[in-house]
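Each step along the sequence shown adds one to the number in the working numbering, with nothing skipped, and position 42 is 45.
We put the beta carbon where it would ideally sit given N, CA and C, even for glycine.
Structure first, commentary second.
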Amino acid sequence: MKRTTALLSSLLLGLALAGCSSSSGSLPPRGSEATDADATTFRQNETEQAMQKQVTPPLDAPLSLVQFAEPRYPSFLLGDNSRSPRANVVVSFEVLPSGFIGATKVLSNTDEALNKPAVSAIRNWRFAPPMRDGKPARLFLQHTFRLEP
């Protein structure tokens with residue numbers, strides 16, 4: 004009787020563990036195409052944190068980037084071996100009290116051909132309206148894009 008109970012317990016435990024290891028329909032399988040979206044979300048969070056560090060005096064609530072776009076590397080540069088494939092573009096920009104982007108200015112770059120994609124990306128960003136002491140605030144920030152194909 005003890006042997007049968009032990010055998011049944013082992014069998015049930017094995018089935019329970021096997022059920023735990025089966026893939027769930029709610030989780031994407033490893034190596035799925037969700038990695039591009041995950042990478043974009045990671046870069047958005049990283050960008051948001053860098054922006055928050057630039058805000059002084061502090062806002063009523065942390066600066067929140069609600070719409071994010073990344074610059075697209077221009078296709079005409081892909082076959083150009085005379086240029087370095089990696090480049091940096093530093094852009095200064097204004098966040099209006101509405102959260103939309105106002106004025107932009109390229110402060111520096113390592114390849115002028117990447118200025119337009121960097122500025123276009125920032126113009127598509129939206130922030131939650133920044134508030135300081137209960138009033139809408141205007142911010143001046145900068146961001147460095149590191150572009151590569």
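According to DSSP, residues forming a beta bridge with residue i
i	result
LYS138	ARG135
GLN70	ARG129
Rounded separation between residue i and residue j - CA only
i	j	result
PRO74	PRO152	11 Å
VAL92	LYS108	10 Å
ASN71	ARG86	The sequence shown places Phe at residue 71, rather than the Asn named in the question. Looking at the two C-alpha atoms, the distance is approximately 28 Å.
ARG126	ALA106	9 Å
PRO120	LYS138	33 Å
ASP63	HIS146	22 Å
PRO60	LEU142	10 Å
ARG46	VAL122	17 Å
ASP136	SER78	46 Å
THR50	SER111	18 Å
MET134	ALA42	29 Å
THR44	VAL94	21 Å
VAL69	THR38	20 Å
SER67	ALA124	17 Å
Nonlocal neighbours in the same chain, by C-beta distance under 7 Å from residue i, ignoring five residues either side
i	result
PHE103	ARG129
LEU2	Beyond the ends of the chain as shown, which are 4 and 152, falls residue 2; an answer cannot be given.
PRO65	GLN55
LEU80	ARG86 and ALA116
Per-residue DSSP class, three states only, for residue i
i	result
ARG162	Given that the chain is displayed from residue 4 to residue 152, the structure contains no residue 162 and the question cannot be resolved.
THR59	coil
ALA53	helix
ARG75	coil
ALA40	helix
Cβ neighbours of residue i in the same chain (closer than 8 Å, five flanking residues each side left out)
i	result
TYR76	LEU117, PRO120, LEU150, GLU151 and PRO152
SER101	PRO132 and PRO139
Close-in-space but distant-in-sequence residues of the same chain around residue i (CB under 6 Å, 5 per side omitted)
i	result
ALA90	THR113, ASP114, LEU117 and LEU150
PRO88	GLU151 and PRO152
PHE148	PRO74, VAL92 and ALA121
I'd like the ranges of any beta strand (DSSP E) spanning at least 3 consecutive residues and lying wholly in the region 77–143. 90–98 and 104–112
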